[in-house]
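Read through the structure below, which is laid out as structure tokens, and then see the notes.
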Amino acid sequence: MDFTFTEEQQAAAEAARAVFGGVSADGVPSPALVPGAVAEDLDRPLWGRLADADLLSLLLPVERGGAGLGPIALCLVLREAGRVLARVPLLETSAAAFVLGAYGGAATGPLLDGIGRGELVVTAAAQGRTGHDAPELAVTARQDSDGHWILDGQQTAVPWAPTADRILLPAHAGDGRTILALVPPGRPGVTLEDQVSTNGERYARVTLDAVRAGQDEVITADGAWARLRELLTVGTCALALGVGEAAARMTGDYTSKREQFGFPLATFQAVAVQCADRYIDLRAMEATLLQAAWRVETATAHEETGTLPEAGALPVAADIAVAKVWASEGVRRVVQTAQHLHGGFGADTEYALHRYHAWAKQLELSLGPAAAHEEALGDLLAAHPLS
């Protein structure tokens with residue numbers, strides 16, 4: 006087996022490090038100090054630099070000017086984004102672009118071009134009505150006599166919705182299918198109610214009341230919603246890994262310089278043991294993330310070639326559930342230990358660590374906490390007994 010990344014994947018990670026190298030986690034007001042969102046808009050200058058570095062076209066098909074890469078490359082880039090708390094919808098737009106390119110047909114070409122150039126921001130709704138129910142059942146879809154789709158329902162906690170150009174959301178059709186609809190936030194019948202995430206970003210509860218969508222705005226292909234959900238989940242795990250690694254590095258730097266009784270804190274056995282435990286968490290987060298991303302990428306390749314995966318293997322959803330369990334539990338433990346080892350300094354709002362704590366909590370619960378994915382994993386094991 007060869008566990009090294011391809012040259013293209015390594016190049017994507019290097020380009021991401023170059024772009025995010027100048028980003029400061031303290032670039033906006035602290036979520037602990039403002040009653041609402043930390044900013045009205047996403048980081049547009051950073052968004053432009055991502056477009057200039059071709060990182061917004063990373064997952065676009067080659068024929069649309071993209072790199073044609075997959076989930077592994079995206080996760081490597083998102084990991085770098087998490088380290089600096091990058092305030093851009095890179096995950097949502099990239100996941101939407103991948104699904105539109107793979108399942109959307111020729112009509113999505115202009116949309117993909119706009120995404121690659123950074124001119125079009127697309128977000129995705131995947132939390133359902135409450136964040137605890139099935140997202141694909143939160144909105145219903147039916148076709149009228151003219152062939153238009155009529156959408157009714159509600160999705161909560163849609164990231165970046167107030168500043169996005171399109172919202173990609175799942176809907177439940179009458180025949181039991183799950184379709185994906187690409188809806189502009191300003192379309193008649195769409196109502197956005199402001200929400201603020203734990204890390205201080207502008208979210209929205211999106212309500213659809215008899216919203217009309219044309220056939221070219223709806224993806225009915227089998228597997229499109231499952232692939233979008235997979236990409237959003239593994240991407241969230243990648244962001245959590247980046248957040249955790251940055252918090253751990255801050256802790257290492259602090260404990261190696263801060264002295265007690267004439268010795269650096271890092272030399273104390275109790276401190277070293279806690280740091281070692283968190284290092285194990287981070288490496289487990291990394292291993293399970295890459296395993297899940299590889300499974301998603303392999304499943305995509307099987308779809309494109311028409312081949313079947315290995316018999317007896319658990320579904321891709323099992324590896325994704327494992328990755329999300331480790332990401333949720335691991336990033337929580339990492340930032341809690343970081344706060345503990347920093348002492349009172351960790352709660353100083355002029356120091357960036359408290360921002361990482363807020364982002365960690367947001368990512369821990371996004372798309373389901375560890376307990377929800379443990380339950381899903383148990384159901385998959387029961388349905389697919391290992392021989």
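The sequence shown lines up with residues 6 to 392 when you count with the working numbering.
We put the CB at the ideal spot given by N, CA and C, even for glycine.
Pull the bridge partners of Gln363 from the DSSP assignment, please.
As a first step, residue 363 is located in the sequence shown; it is residue number 358 there, counting from the start. It is worth fixing the name first, because residue 363 is Ala in this sequence and not Gln. Listed as beta-bridge partners of Ala363 by DSSP are no residues whatsoever.
Tell me which same chain residues have a C-beta within less than 6 Å of the C-beta of Ala18, skipping the five on either side of it?
Counting from 1 along the sequence shown, the entry for residue 18 is found at position 13. Excluding positions up to five away in sequence, the list reads Leu81.
Ala107 to Ile285, Cα distance in whole Å?
Residue numbering aside, residue 107 sits at position 102 when the sequence shown is read from its first letter. Residue numbering aside, residue 285 sits at position 280 when the sequence shown is read from its first letter. Each residue's Cα considered, the two are about 36 Å apart.
First and last residue of the uninterrupted beta strand (DSSP E) at His378:
For the purposes of this step, residue 378 is taken as the residue at position 373 of the sequence shown. Segment Ala375 to Ala388 is the alpha helix (DSSP H) holding His378; no beta strand (DSSP E) there.
Does the stretch 39-57 come close enough to the stretch 263-277 that 3 or more CB-CB pairs lie under 8 Å?
Three or more Cβ pairs closer than 8 Å define a contact, and the stretch 263-277 falls short of that threshold against the stretch 39-57.
Check the DSSP bridge columns for Gly158 and list the partner residues they point to.
Translated into positions along the sequence shown, residue 158 becomes position 153. Beta-bridge pairing links Gly158 to Val144 and Leu213.
When DSSP labels each residue in this structure, what does Val126 get in the three-state scheme?
Taking the sequence shown and counting its residues from 1, the one referred to as residue 126 is at position 121. Coil, per DSSP.
Let's see if you can read the secondary structure: which residues bound the beta strand (DSSP E) around Val195?
Looking up residue 195 in the sequence shown gives position 190. Note, Val195: beta strand (DSSP E), Val195 to Val201.
May I have the straight-line CA-CA distance separating Thr161 from Ala209, to the nearest angstrom?
Walking along the sequence shown from the start, residue 161 turns up at place 156. Walking along the sequence shown from the start, residue 209 turns up at place 204. Cα to Cα, Thr161 sits roughly 7 Å from Ala209.
Given a cut-off of 8 Å on the beta-carbon distance, is the pair Leu142 and Met255 in contact?
If you number the sequence shown from 1, residue 142 lands on position 137. If you number the sequence shown from 1, residue 255 lands on position 250. Cβ distance not < 8 Å, so Leu142 and Met255 don't count as in contact.
Close beta carbons around Val321, own chain, < 7 Å, minus the five adjacent residues each side
Position 316 of the sequence shown holds residue 321. Cβ neighbours of Val321 beyond the five flanking positions: Glu235, Arg300, Val301 and Ala304.
Candidates Val276, Pro66 and Val89: closest to Gly32 by CA position:
The residue given as residue 32 occupies position 27 in the sequence shown. A check of alpha carbon separations from Gly32 across Val276, Pro66 and Val89 identifies Val89 as the nearest.
Cut-off 8 Å between Cβ atoms - residues of its own chain near Leu4, not counting five sequence neighbours on either side
Nothing in the structure corresponds to residue 4, since the chain is present only between 6 and 392.
Among Phe10, Ala318 and Asp258, which residue has its Cα nearest to the Cα of Ala388?
Walking along the sequence shown from the start, residue 388 turns up at place 383. The candidate whose alpha carbon is nearest that of Ala388 is Ala318.
Quick one: complete beta strand (DSSP E) runs, 3+ long, within the stretch 62-132?
Qualifying beta strand (DSSP E) stretches, in chain order: 127-129.
From the DSSP output, in three-state form, read off Val163 for me.
Within the sequence shown, numbered from 1, the residue matching residue 163 stands at position 158. In this structure, Val163 counts as strand in the three-state DSSP scheme.
Go ahead and pull the three-state DSSP assignment for Thr183.
Position 178 of the sequence shown, counting from 1, holds the residue named residue 183. Residue state, collapsed to three classes: strand.
I'd like to know whether the C-beta atoms of Val163 and Ile172 end up nearer to each other than 8 Å.
Translated into the one-based positions of the sequence shown, residue 163 becomes position 158. Translated into the one-based positions of the sequence shown, residue 172 becomes position 167. Yes, the pair counts as a contact, with Cβ atoms nearer than the cut-off.
Once DSSP output is grouped into helix, strand and coil, what is the label at Phe350?
Sequence index remark: in the sequence shown, residue 350 carries index 345 (1-based). Phe350 falls in the helix class under three-state DSSP.
Presumed contact (8 Å Cβ cut-off) between Gly205 and Pro40, rounded CB distance
By one-based count along the sequence shown, residue 205 stands at place 200. By one-based count along the sequence shown, residue 40 stands at place 35. A Cβ-Cβ distance of about 10 Å is found for the pair Gly205 and Pro40, leaving them out of contact under the 8 Å criterion.
Just how far apart, CA to CA, sit Ile224 and Val188?
Along the sequence shown, one-based indexing puts residue 224 at 219. Along the sequence shown, one-based indexing puts residue 188 at 183. C-alpha separation (whole angstroms): 12 Å.
How about Phe103 and Leu51: do their beta carbons lie closer than 8 Å?
Your numbering for residue 103 matches position 98 in the sequence shown. Your numbering for residue 51 matches position 46 in the sequence shown. Contact flag unset, no.
Close beta carbons around Leu125, own chain, < 6 Å, minus the five adjacent residues each side
Numbered from 1 along the sequence shown, position 120 holds the residue referred to as residue 125. These residues qualify, in order along the chain: Gly119 and Asp170.
Helix, strand or coil, according to DSSP, for Glu206 in the structure here?
As a working note, residue 206 is residue 201 in the sequence shown. The answer is coil: DSSP assigns Glu206 none of H, G, I, E or B.
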